[in-house]
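Residue numbers (this note's numbering): 1208 to 1358.
Positions of the beta carbon are idealized from the N, C-alpha and C atoms, including for glycine.
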């Protein structure tokens, strides 16, 4: 079910571009148009192709994935297929996109992952200034190098 704010934003953008008939579908419906099917459990051999295909299809619908370098291909694929990403509603409108930040939930775990793998030295200093009683996790190089290649 589409929420009121989502609908209002969609109609605003459509009006801005002079679009009268707006088609709203779930991201899954947009991704799976034209015969593409999301494999819920690809084999290890099929996983790289399935992940790249899903990320590219998401990008085609204006959904861009970020902050993925801490996840294996299997973990990222599972996140994309099982999270609310595919259940969200969108209209394909010009200049309209959303970012799916894997650690964008602002949970303690997301914050720790951000500080460990993605935060710059400046970001970490600012974080410590804002939260002086919190212990910063040790900075680590992410185990994967995927984000810079994503659409």
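- The continuous beta strand (DSSP E) containing residue 1233 extends over residues 1231-1233.
- Here residue 1249 is buried: its Cβ has 16 or more other Cβ atoms, across all protein chains shown, within 10 Å.
- In the three-state DSSP reduction, residue 1271 falls in the strand class (E or B).
- Non-local C-beta neighbours of residue 1243 in its own chain, meaning closer than 7 angstroms and more than five positions away in sequence, comprise 1264, ordered along the chain.
- Residue 1229 is positioned such that its CB atom lies no closer than 8 angstroms to that of residue 1297.
- Bridge pairing for residue 1305: 1270 [DSSP].
- Residue environment: residue 1332 is assigned as exposed (fewer than 16 neighbouring CB atoms within 10 Å of its CB, all protein chains considered).
- Inter-residue distance for residue 1273 and residue 1293 is about 15 angstroms (C-alpha atoms, whole angstroms).
- DSSP places residue 1319 in the helix class (H, G or I) of the three-state scheme.
- Under the three-state reduction of DSSP, residue 1264 is assigned to helix.
- Residue 1282 and residue 1224 have their C-alpha atoms some 38 angstroms from each other.
- Separation of the CB atoms of residue 1276 and residue 1349 is rounded to 3 angstroms, and the pair is thereby assigned contact status at 8 angstroms.
- The residue among 1280, 1336, 1313 with its C-alpha nearest the C-alpha of residue 1351 is 1280.
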